[in-house]
Structures are given as structure tokens and as C-alpha cells.
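Position one of the sequence shown corresponds to residue 11 (my numbering), numbered consecutively onward. Structure first, then comments.
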Amino acid sequence: MNGGIQTYMTLIGMVSISDDGSGSIDGVYLPNSNLPFREQRECPALVEAARQIDEYLTGKRMTFKLPLKTEGTEFQKKVWNEIKNIPYGETASYSDIAKRIGNPNAYRAVGSACNANPIPLIIPCHRVVASKDIGGYGGGLTLKKKLMEIEGIRF
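So this is what it looks like as C-alpha cells:
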């Protein structure tokens, strides 16, 4: 079964969520993202993901409880799994993540893995920062700052 996509307006602009066709979320597309060609449809997994994202953006949810399917290298998957362990309202540096996955010199590669994150917000790469500044973000620095503000993170 082919997955679908649902696009809707949120507090941060238009967000799209895709599923793999079997009930797992495989993509979150922030405003101004290029969307994959998929059928626009509603299904229980997409409706639930949209509900949880809305709750997160309004400060009512700190963690997501959704089935996820990520496509990436083993290194990227290690990084994404470690990012999911960063608590709401806290940050970790690219260097911290590299150390936690047992590859302390791979902080630049951690940044690349963050940029390749297919499920931002749910895999909260906005919580990963540079050692001395806020770092980058695929959705843009204005959005990263907004997400950090929602979580009460001061940087």
C-alpha cells in the first residue's frame, strides 16, 4: 500500500505529514519544504500525528507517541534515536550527540544527520545546538527559535 500525505495549517504555517501506508509516520514537512508526490488523504495515523503536533505547538504535549519509520544510514538512525532522548525544554550540542553515539569526532556528521532528519518536530533536531551558538536548522533559524521558545529554551 502506498502512503499518503496530509497538509494542514498550524501555528508555524503549513505542515505536511506523510505515512508509509501501513500506519507509520515517515515524514514531517515544515513550511516551505518540498513535498513528495503522494495522494492527499486522511487516515488514522495522519490524523493522530496532526493532533499530537498541534498539541506540541500549543505547549500541551512534551513527547510524541507515534509509530515512526525512518529511512537513512545506520549512522543517521543512531543520531536520530539519540536526539529523541533529549528531554523537552533541553538542548544537546552536536558534539554531545557525537559522544553519546560513541563517535566523538563526528559532530559535523551529526549536523548533517540533523539536516537529513525526515521527521522534524517528532524527532526534535531543533534541540541540537552548536557549542557556542544556536546552530542551523533545516526549517530556518526563525522556526528553530520559535520551537525553542515554545519549549522554554533560552539560548
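Note that the Cβ used here is the ideal one computed from N, Cα and C, for glycine as well.
- Scanning the region 23-81 for uninterrupted alpha helix (DSSP H) segments of 4 residues or longer gives 54-67, listed from N- to C-terminal end.
- It is roughly 27 Å from the alpha-carbon of Phe85 to the alpha-carbon of Ile15.
- Ranking Asp30, Gly99, Asp106 and Ala140 by CA distance to the CA of Leu131 puts Gly99 first.
- Within the same chain, Thr20 come within 7 Å of Asp64 by CB-CB distance, once the 5 residues on both sides are set aside.
- Shown here, Gly14 sits in a strand according to DSSP, grouped into three states.
- Taking the Cβ atoms as the reference, Ile133 lies roughly 12 Å from Lys88, outside the contact range of under 8 Å.
- For Asn125, the enclosing alpha helix (DSSP H) has its first and last residue at Tyr117 to Asn125.
- Residue environment: Phe47 is assigned as exposed (fewer than 16 neighbouring CB atoms within 10 Å of its CB, all protein chains considered).
- With a cutoff of 8 Å on beta-carbon distance, Ala126 and Ser103 are scored as not near each other.
- Beyond the five residues adjoining it in sequence on each side, Ala108 comes within less than 8 Å, by CB distance, of Pro114, Asn115, Ala116, Tyr117, Ala119 and Val120 in the same chain, given in chain order.
- A Cβ-Cβ separation of about 5 Å places Leu45 in contact with Ser26 under the 8 Å criterion.
- When the alpha-carbon of Asn42 is set against those of Arg164, Leu157, Leu153 and Ile160, the nearest one is in Leu153.
- With a contact defined as Cβ atoms closer than 8 Å, Ile111 and Glu81 miss out at about 18 Å.
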